[in-house]
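Below is one structure, written out as structure tokens; comments come after it.
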Ligand SMILES: C[S@@+](CC[C@H](N)C(=O)[O-])C[C@H]1O[C@@H](n2cnc3c(N)ncnc32)[C@H](O)[C@@H]1O
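In this note's numbering, the protein residues as written are 7 to 403.
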């Protein structure tokens, strides 16, 4: 295994983890190495990513390190400003009003701050849901979410329910997932002379390495071999085989509902564009981004952009209607971001500057504004959703 110092030097001066973090990472490395050996020399990248992020007690999301915010590795929209969650609350309120009440279900609630701010805004406009369900894979994050709500708004705790699995009785209301799709394990593939190959993870002399293998059924059944024939040699990208089953199980648990998935990504023709030849895998470690997922095991986030055309197709297969697709900027503006700003006006110049900075991060095209998209799905509901009032780009999917 490469030393952490070598790795840090190679990867644009990433900070060197402390000794406790290094030991933690080595333990996870042993676990992955044993699995590779047991599986005959290599595992799929999806299996590797799943271990790196979600191995109980060891994976990036499953262990105790601070991940979100200034002291962590990356910042998500709800961590940037409560205005993001307040806009979402207004979208949720429209659906809850139509249904005469109902529940909210949030997947992967991170630090819990989005749930907190949505509930605060819904309380303010007198539109609280009956329950705010949270499905969280990480026991550590679940604890942080509970702490966040307990410390900031204990009055909401009676409505917030953490679920291990989807309930048997159908949920009516709103489903939310911010930056969840990008955290799902993906398969890696490459193109060699027009042929599709899987890229697996093996043990090399210096630690983990990539090896090519026969394309798996997951890739073949997604029609990627036809796509490979049109892509240049050496082209590498990702495929998320979990999207379909995830949407399927969600659809089975919903009665009348609207689903909002917010994430960074593109329609397929941009996602698998010949010029995007290195794929979209990205790692985040203490606010530095780089593209080597095989280092800093368990200490760094690993993500892949979202193919929103795939999400739309899988959603249709699962019985949803695709009801909207737009950029984060248009979504927030349609939900009254400007009005929210005016309502929250402060005479304190410092506060004004801080809020202006936050809004820029959420909306400017070179920040989160355009790369981040929102796709809306509805089941047994055909609302004209407020978040897409200004702009709807479903035609691009
Ligand atoms: C990048 S974080 C985003 C956290 C939070 N939504 C935010 O915006 O700050 C990804 C989150 O998705 C969760 N996650 C990933 N796959 C999931 C799944 N299938 N079901 C529920 N949560 C999932 C992770 O545990 C983590 O909390």
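Using N, Cα and C, we set each Cβ at its ideal position, and we do this for glycine too.
It should be emphasised that the depicted structure is a prediction, and the values quoted were computed from it without experimental measurement.
Exposure of residue i, with buried meaning 16 or more beta-carbon neighbours within 10 Å
| i | result |
| --- | --- |
| residue 371 | exposed |
| residue 44 | exposed |
| residue 312 | buried |
| residue 227 | exposed |
| residue 293 | exposed |
| residue 23 | buried |
| residue 211 | exposed |
| residue 26 | exposed |
| residue 359 | exposed |
| residue 220 | exposed |
| residue 351 | exposed |
| residue 344 | exposed |
| residue 116 | buried |
| residue 215 | exposed |
| residue 273 | buried |
Residue i - DSSP class collapsed to helix/strand/coil
| i | result |
| --- | --- |
| residue 73 | coil |
| residue 66 | coil |
| residue 12 | Low confidence applies to residue 12: its pLDDT is 49, below 50, so where it sits in the model is not reliable, and the reading given next is rough at best. Residue 12 falls in the helix class under three-state DSSP. |
| residue 201 | strand |
| residue 224 | helix |
| residue 320 | helix |
| residue 333 | strand |
| residue 87 | coil |
| residue 96 | helix |
| residue 2 | Residue 2 is absent from the model: the chain starts at 7 and stops at 403. |
| residue 214 | strand |
| residue 271 | strand |
| residue 139 | strand |
| residue 42 | helix |
| residue 104 | helix |
| residue 179 | strand |
Close beta carbons around residue i, own chain, < 6 Å, minus the five adjacent residues each side
| i | result |
| --- | --- |
| residue 397 | 332 and 336 |
| residue 386 | 262 |
| residue 231 | 202 |
| residue 88 | 123 |
| residue 381 | 267, 314, 317 and 331 |
Residues near residue i in its chain [Cβ-Cβ closer than 7 Å; skip 5 each side]
| i | result |
| --- | --- |
| residue 257 | 324, 325, 326 and 385 |
| residue 137 | 109, 165 and 167 |
| residue 95 | 124, 127 and 128 |
| residue 118 | 150, 151, 154 and 155 |
| residue 255 | 172 |
| residue 363 | none |
| residue 366 | 373 |
Integer-rounded CB distance, given that residue j should sit under 8 Å from residue i
| i | j | result |
| --- | --- | --- |
| residue 55 | residue 205 | Not a contact, Cβ separation roughly 12 Å. |
| residue 303 | residue 38 | 7 Å |
| residue 353 | residue 66 | With 8 Å as the limit, residue 353 and residue 66 do not qualify as a contact, their Cβ atoms being about 42 Å apart. |
| residue 145 | residue 68 | 7 Å |
Residues near residue i in its chain [Cβ-Cβ closer than 8 Å; skip 5 each side]
| i | result |
| --- | --- |
| residue 135 | 98, 102, 107, 108, 109, 110, 128, 165, 179 and 180 |
| residue 389 | 100, 101, 104, 264 and 329 |
| residue 238 | 197, 280 and 283 |
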